[in-house]
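Under this note's numbering, residues 1 to 412 are what the sequence shown spells out, in order.
Each residue gets a CB set at the ideal place from its N, CA and C atoms; glycine is no exception.
Comments concern the structure below.
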Amino acid sequence: MKYAQRSIRYRLLPITSAKHQKLMQVTGACIWVWNRMLAWNEQEYFFHERLPWMVDAPSTMFFSLGKQFTKLRSETDWLRELPFSAVRYTLKHQAEAWRKFFKKQGGRPKFKSKYGARTVTFPEPTLFHIRGNNLRLQKLGWFRIARRGGDPYRKYEARSVTIKRECGKWHAVVLYKVPVHAVTSPDNGKAIGVDMNVGQAATSDGDIIRLDTDRIARLEARKRRYQRRLARQVKGSNRRHLTKQRLSKVCRNIRCYRGNWHHHVSKQLASSAGTIVTEALNTKGMAASAKGTEDAPGKNVKAKSGLNREILNTGWHALEQKIGYKAARHIQVDPKYTSQTCSHCGYVDAKNRTTQAHFECLACGYTDNADVNAALNILAFGIGAAGRGGGDIGRPVKRQRMGKISIADFAT
Ligand SMILES: [Zn+2]
Numbered sequence: 001m002k003y004a005q006r007s008i009r010y011r012l013l014p015i016t017s018a019k020h021q022k023l024m025q026v027t028g029a030c031i032w033v034w035n036r037m038l039a040w041n042e043q044e045y046f047f048h049e050r051l052p053w054m055v056d057a058p059s060t061m062f063f064s065l066g067k068q069f070t071k072l073r074s075e076t077d078w079l080r081e082l083p084f085s086a087v088r089y090t091l092k093h094q095a096e097a098w099r100k101f102f103k104k105q106g107g108r109p110k111f112k113s114k115y116g117a118r119t120v121t122f123p124e125p126t127l128f129h130i131r132g133n134n135l136r137l138q139k140l141g142w143f144r145i146a147r148r149g150g151d152p153y154r155k156y157e158a159r160s161v162t163i164k165r166e167c168g169k170w171h172a173v174v175l176y177k178v179p180v181h182a183v184t185s186p187d188n189g190k191a192i193g194v195d196m197n198v199g200q201a202a203t204s205d206g207d208i209i210r211l212d213t214d215r216i217a218r219l220e221a222r223k224r225r226y227q228r229r230l231a232r233q234v235k236g237s238n239r240r241h242l243t244k245q246r247l248s249k250v251c252r253n254i255r256c257y258r259g260n261w262h263h264h265v266s267k268q269l270a271s272s273a274g275t276i277v278t279e280a281l282n283t284k285g286m287a288a289s290a291k292g293t294e295d296a297p298g299k300n301v302k303a304k305s306g307l308n309r310e311i312l313n314t315g316w317h318a319l320e321q322k323i324g325y326k327a328a329r330h331i332q333v334d335p336k337y338t339s340q341t342c343s344h345c346g347y348v349d350a351k352n353r354t355t356q357a358h359f360e361c362l363a364c365g366y367t368d369n370a371d372v373n374a375a376l377n378i379l380a381f382g383i384g385a386a387g388r389g390g391g392d393i394g395r396p397v398k399r400q401r402m403g404k405i406s407i408a409d410f411a412t
């Protein structure tokens, strides 16, 4: 059987001051160990770069870091009171950060502030136990866990638990090992095309699912206000600290609101059709600044920057990913001409799209909502692509790209 990993987030409740203290202690130890090891490695590198014949480059693999941690722990009394594997696991992330840095996929590992994110991972099922609504963590004792909106994967095996502090509240993220069939919707044989546009998703069935962009805009405005206020306030002051807390709360609201919308839309789509066709959008390229260079200034800089915000607000990529695992079958097609082609006769012309919302074919006179028309085209392209791909129906066909699109494709 094939398995997938799904994470479920719970609130840890109630947090007494003793429990809060304990969690602060463990997460603080993770930060301390991270910084300590990083400082040691940075020092070794410093000497290695200057005296390469005398000092070897330090090994930044998890195995070597783990060995050093064991030594550090035996010398530090207070560290011995805390769960061994969980605190050591922070070095797994550090090893990963070094690996990415050497492969030029990321920046140099940074020191962590005690005011920053607080997190600790219990990486093995032996280090925790879930019974009913209670979670026991090694050396930390029992916590009650709560979640709104059901608990879909409780009957499956829990692989790891990550404790996180967000906006002053403690959460447990439990990773479950779930069989793939429990995650994806059953294939009902139906196929729909989805056109993702700024702040909305249109389906080939004619449905338009809108994101409440007004609400996002309100939250974004509040976020910018706090950012401006933060810039004016004195560093280290209590008022600045308060603004910081409020800012992170707004950011969290935006993130959660958008994520929730993605889950609802992808669920709705995946349960209505077995096969979902979307455009393979290059959001990164689209969101690239239109500013250009000094010699070749870009056009429509102002308009593009407004669009950028909205593109990022809709978060197409996150939505596509969720469709990718919830749908029985997910096909991606080349987005070229999907908005200019007539879904009725196949006539391609940029003038077909009279306004942003309205589509009227110059050849046959077919009219429709421009996004629904695009969704119909995406569906047609997707089914054509799947057909020519050898007809592997039933198996997910991912990232299948169309070649050139010609009117002949629509004749069949
Ligand atoms: Zn037409």
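Alpha carbon of residue i to alpha carbon of residue j, nearest angstrom
| i | j | result |
| --- | --- | --- |
| Leu140 | Asp77 | 17 Å |
| Leu230 | Gly193 | 44 Å |
| Trp98 | Asn197 | 38 Å |
| Thr213 | Thr278 | 22 Å |
| Met61 | Ala95 | 5 Å |
| Tyr325 | His263 | 11 Å |
| Phe101 | Glu320 | 28 Å |
| Phe381 | His358 | 21 Å |
| Tyr153 | Leu12 | 18 Å |
| Arg399 | Ala182 | Because the pLDDT of Arg399 is 38, which lies under 50, any placement of that residue in the model is unreliable, and the number read from its coordinates should be weighed accordingly. Their backbone Cα atoms lie some 23 Å apart in a straight line. |
| Ala88 | Gln25 | The sequence given here has Arg at residue 88, not Ala. Those two C-alpha atoms are separated by around 14 Å. |
| Glu220 | Arg240 | 19 Å |
| Thr126 | Lys177 | 15 Å |
| Glu157 | Thr121 | 17 Å |
| Thr16 | Lys223 | 31 Å |
| Met37 | Tyr115 | 19 Å |
| His129 | Ala86 | 14 Å |
| Ala375 | Thr338 | 8 Å |
| Tyr3 | Thr184 | 11 Å |
| Tyr257 | Lys155 | 28 Å |
| Gly394 | Ala328 | Since pLDDT at Gly394 reaches only 34, below the 50 mark, its modelled position is unreliable, and the value read off the structure follows with that caveat. Taking the straight line from one Cα to the other gives about 8 Å. |
| Leu269 | Thr70 | 50 Å |
| Gln200 | Cys361 | 23 Å |
| Pro186 | Asp56 | 56 Å |
| Ile383 | Lys190 | 11 Å |
| Ile8 | Asp151 | 8 Å |
| Thr47 | Arg108 | Per the sequence presented here, residue 47 reads as Phe, with Thr not at that position. Taking the straight line joining both Cα atoms gives about 17 Å. |
| Ile216 | Ile254 | 7 Å |
| Lys112 | Lys164 | 15 Å |
Per-residue DSSP class, three states only, for residue i
| i | result |
| --- | --- |
| Val372 | helix |
| Tyr366 | coil |
| His344 | coil |
| Gln25 | helix |
| Gln43 | helix |
| Ile8 | strand |
| Leu51 | coil |
| Gly193 | strand |
| Gln94 | helix |
| Leu319 | helix |
| Tyr257 | helix |
| Ile31 | helix |
| Glu81 | coil |
| Ser406 | Because the pLDDT at Ser406 is just 39, under 50, the model does not fix this residue reliably, and the value given afterwards should be weighed accordingly. Of the three classes helix, strand and coil, the one that applies to Ser406 here is coil, per DSSP. |
Cβ-based burial, residue i [other Cβ within 10 Å; buried from 16]
| i | result |
| --- | --- |
| Ala18 | exposed |
| Gly274 | buried |
| Gln332 | buried |
| Asn352 | buried |
| Gln5 | exposed |
| Asp349 | exposed |
| Asn41 | buried |
| Asp371 | buried |
| Pro335 | buried |
| Arg118 | buried |
| Trp142 | exposed |
| Asp195 | buried |
| Gly391 | Unreliable positioning characterises Gly391 in this predicted model, as indicated by a pLDDT of 37, which lies under 50. The coordinate reading is nonetheless provided below. The residue in question, Gly391, is exposed, as its Cβ has fewer than 16 Cβ neighbours within 10 Å. |
| Leu65 | buried |
| Asn134 | exposed |
| Ala39 | exposed |
| Lys322 | buried |
heavy atom of ligand 3 below 7 Å from residue i C-beta
| i | result |
| --- | --- |
| Pro179 | Absent from the structure shown: ligand 3. Ligands present: ligand 1. |
Subject >> Neighbouring residues (CB closer than 6 Å to any heavy atom of ligand 1) >> reply: Cys342, His344, Cys345, Tyr347, Cys361, Ala363, Cys364 and Tyr366
**OP:** Would you list, in sequence order, the uninterrupted alpha helix (DSSP H) runs of no fewer than 4 residues that lie entirely inside the region 104-188?
**Re:** 180-183
**OP:** Output the residue ranges of the beta strand (DSSP E) runs that lie fully inside the region 196-246 and measure 3 residues or longer, sorted by chain position.
**Re:** 200-203 and 208-210
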